[in-house]
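Report on the following structure.
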Amino acid sequence: MPRPPRDDRRSSLPTLRLRRPLRAALEAGHPWIWRDALDAFDLEPGTVVRIVDDRGPVATGLAEQGPIGVRVLSTRPITIDATFFAERIARAASLRDRVVPPDTDAYRLVHGEGDGVPGVVVDVYAHWAVVQLDGAASERWRDALVAGVRAARPALRGILVRTGRREQKKIELADGEAPPPYVDVREHGMVLRGDLAHGQKTGLFLDHRESRFRVRQLARGLRVLNLYGYTGGFSIGAGLGGAIEVDTVDVAPAALELAQQSWALNGLTAPHRTHARDVPELLEEARARGQRWDLIIADPPSFAPNEASLPAAIKSYRALHRACLRALEPNGLYLAASCSSHVDRATFDRTLREAAEKIGPVQVLERWGAPADHPRLAAFPEGDYLKVVLARRLD
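The opening residue of the sequence shown carries number 0 in numbering that gives the first Met the number 0; numbering runs sequentially from there.
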């Protein structure tokens, strides 16, 4: 039986007028309206607002603070309330039921703009979920969002909420019981140990799940170098794939300790060396003594956190590619990744091409991005942030 329509309260909402012709972009699905594209307003973040232009209503969304003026939730007449968020989270959960691979209990349940819940990320780690709220608008709807996660995944033991960034980062238990200091999860059968309270992102980098699995498929008989390795996911994948030795490099000793623990949890016995080092220095020292590897993985933190940093980021990616290619054995494999949304795929490919100019031919074998539990909107290229290239240095 069809559900009766909910009452449309949009006509009584605060109304914001577009100063730019953005109707087509919003109707196509773009989830942001920059503040300077709207008439001036002063509303509490999280307030439900109606967006109009000269032709009438355009969208409904949440007022935000900062450069993003409004996070768009719908271009259809709809009431924004706790039920709305529960339905959006349930829709996201139904997709994960189809696309998360077998023997995997760590995945992204809600991917912000890609799932129609802008500013909200929800990651599941076995029996716990971490809700990460980006911006004051989503923080105002915290209770409704937590309730929606609980409804979509009632078997969860607990739900954590993360807010703020860097020094202002805060994590709180919002529902159920707190997780242990470390949580072990499975990914394509591989065991990974994460720290949900203090780790980067929400604990692990779940967007590289299929990249780690690809390394596992390629690593048999190879000597592997995992740069910016964090808790060693790529290293564990390589070990399970039959690598004969693995080096993991990261500046954080605590992350490397988790990498060693995960190595042991998977019953791996091949040599696994960890190096709490700066990556450029380590690569330069390896070059000086002629040390090379058969497979190198380089997944650095974002080199371009904003548009102004793009020129410097391009130089950094080019220099990293060049150093890694020099450290490869002839016919060695190079998996390069960028999580910088300001560096598009064409630019990232160009940095690899330019890095190879003085080294020799490089084959591009594959390109990919984040897996299906990180859906991207076609109208929001900013959301397609992850670029991965698998290449081979020819002899």
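Just so it is clear, CB atoms sit at the ideal spot from N, CA and C, and this is done for glycine as well.
If you're wondering where the values come from, they're calculated on a predicted model, not measured in any experiment.
Residues of its chain near residue i, where Cβ-Cβ distance is below 6 Å and the 5 sequence neighbours each way are ignored
| i | result |
| --- | --- |
| Met0 | A caution first: Met0 carries a pLDDT of 34, below 50, which makes its placement in the model unreliable, though a value can still be read off. If we look at Met0 and ignore the five residues flanking it on each side, it has no Cβ neighbours. |
| Asp246 | Leu224, Arg272 |
| Leu385 | Asp206, Cys338, Gly368, Ala369 |
| Gly28 | Leu376, Ala378 |
| Arg208 | Glu186, Pro370 |
| Arg215 | Gly236, Leu239, Gly240 |
| Glu328 | Arg291, Asp293 |
| Phe347 | Ser337, Lys386 |
| Arg164 | none |
Sequence-distant residues of the same chain with beta carbon closer than 8 Å to residue i, five excluded per side
| i | result |
| --- | --- |
| Ala135 | Pro44, Gly45, Glu63, Gln64 |
| Arg8 | Bear in mind that a pLDDT of 49 at Arg8, under 50, signals an unreliable position, so the number given afterwards is only what the model happens to contain. Same-chain partners within the cutoff: Thr78. |
| Ala285 | Arg291, Ala326 |
| Ser308 | Phe302, His341 |
Residue i and residue j closer than 9 Å at C-beta
| i | j | result |
| --- | --- | --- |
| Val71 | Pro30 | yes |
| Thr14 | Val48 | yes |
| Asp298 | Leu226 | yes |
| Leu389 | Glu365 | yes |
| Val130 | Arg141 | yes |
| Leu324 | Tyr316 | no |
| Ala254 | Gly220 | no |
| Gly236 | Arg211 | yes |
| Arg152 | Val123 | yes |
| Asp277 | Thr230 | no |
| Arg192 | Leu257 | yes |
| Val121 | Arg107 | yes |
| Val190 | Ser261 | yes |
| Leu25 | Ala58 | yes |
| Asp35 | Pro66 | yes |
| Ala143 | Ala81 | yes |
| Leu203 | Gly232 | yes |
| Leu61 | Arg139 | yes |
Anticipated Cβ contact below 8 Å, residue i with residue j, distance rounded
| i | j | result |
| --- | --- | --- |
| Val109 | Val98 | Rounded, the Cβ-Cβ distance is 14 Å, inconsistent with contact. |
| Ile295 | Ala251 | Their Cβ separation, rounded to whole angstroms, is 20 Å, which puts Ile295 and Ala251 out of contact at 8 Å. |
| Ile32 | Gly68 | 5 Å |
| His126 | Leu172 | Actually they do not touch by this definition, with Cβ atoms about 13 Å apart. |
| Leu281 | Asn330 | Not really, about 23 Å apart at Cβ, beyond 8 Å. |
| Val342 | Ala312 | 6 Å |
| Asp249 | Ala275 | 7 Å |
| Asp104 | Val184 | 6 Å |
Contact set for residue i: own chain, Cβ-Cβ below 7 Å, skip 5 residues either direction
| i | result |
| --- | --- |
| Asp383 | Gly368, Arg375 |
| Glu462 | There is simply no residue 462 to check, as the chain begins at 0 and stops at 394 in what is shown. |
| Asp38 | Leu15, Arg16, Arg18 |
| Gly147 | Phe84, Ala85, Ile88 |
| Gly175 | Leu155, Arg156, Gly157, Ile158 |
| Arg95 | Tyr106, Leu108, Asp372 |
| Ala177 | Gly157 |
| Pro100 | His187 |
Range covered by the alpha helix (DSSP H) that runs through residue i
| i | result |
| --- | --- |
| Lys314 | 309-325 |
| Glu138 | 135-139 |
| Arg97 | 81-98 |
| Ala27 | 22-27 |
| Ile243 | Element bounds for Ile243: n/a, residue is neither H nor E. |
| Val278 | 278-288 |
Residue range of the beta strand (DSSP E) that includes residue i
| i | result |
| --- | --- |
| Ile358 | Here Ile358 belongs to no beta strand (DSSP E), and DSSP marks it neither H nor E. |
| Arg18 | Element bounds for Arg18: n/a, residue is neither H nor E. |
| Ser261 | Unbroken run through Ser261 is the alpha helix (DSSP H), 252-264; no beta strand (DSSP E). |
| Val123 | 119-124 |
| Pro56 | 55-62 |
| Leu132 | 127-132 |
| Ala105 | 105-110 |
| Glu209 | That residue, Glu209, is in no beta strand (DSSP E); its alpha helix (DSSP H) goes 208-217. |
| Leu294 | 292-297 |
| Asn225 | 222-226 |
| Asp41 | Premise fails: Asp41 is in no beta strand (DSSP E) and is neither H nor E. |
| Arg185 | 182-186 |
heavy atom of the ligand NAP below 8 Å from residue i C-beta
| i | result |
| --- | --- |
| Ala269 | Ligands are entirely absent from the displayed structure, and the ligand NAP is therefore not among its contents. |
For the 8 Å Cβ check, are there 3 or more pairs between the segment 88-98 and the segment 168-177?
-> No: the two stretches stay apart, fewer than three of their Cβ pairs being nearer than 8 Å.
Is it true that the segment 334-346 meets the segment 299-306, where meeting means three or more beta-carbon pairs spaced less than 8 Å apart?
-> Verdict: yes, contact present.
Are there three or more Cβ pairs, one per stretch, closer than 8 Å when the segment 319-334 is compared with the segment 355-370?
-> They touch, by the three-pair rule.
Contact between the segment 142-160 and the segment 224-242 (3+ Cβ pairs under 8 Å) = No, the segment 142-160 does not touch the segment 224-242.
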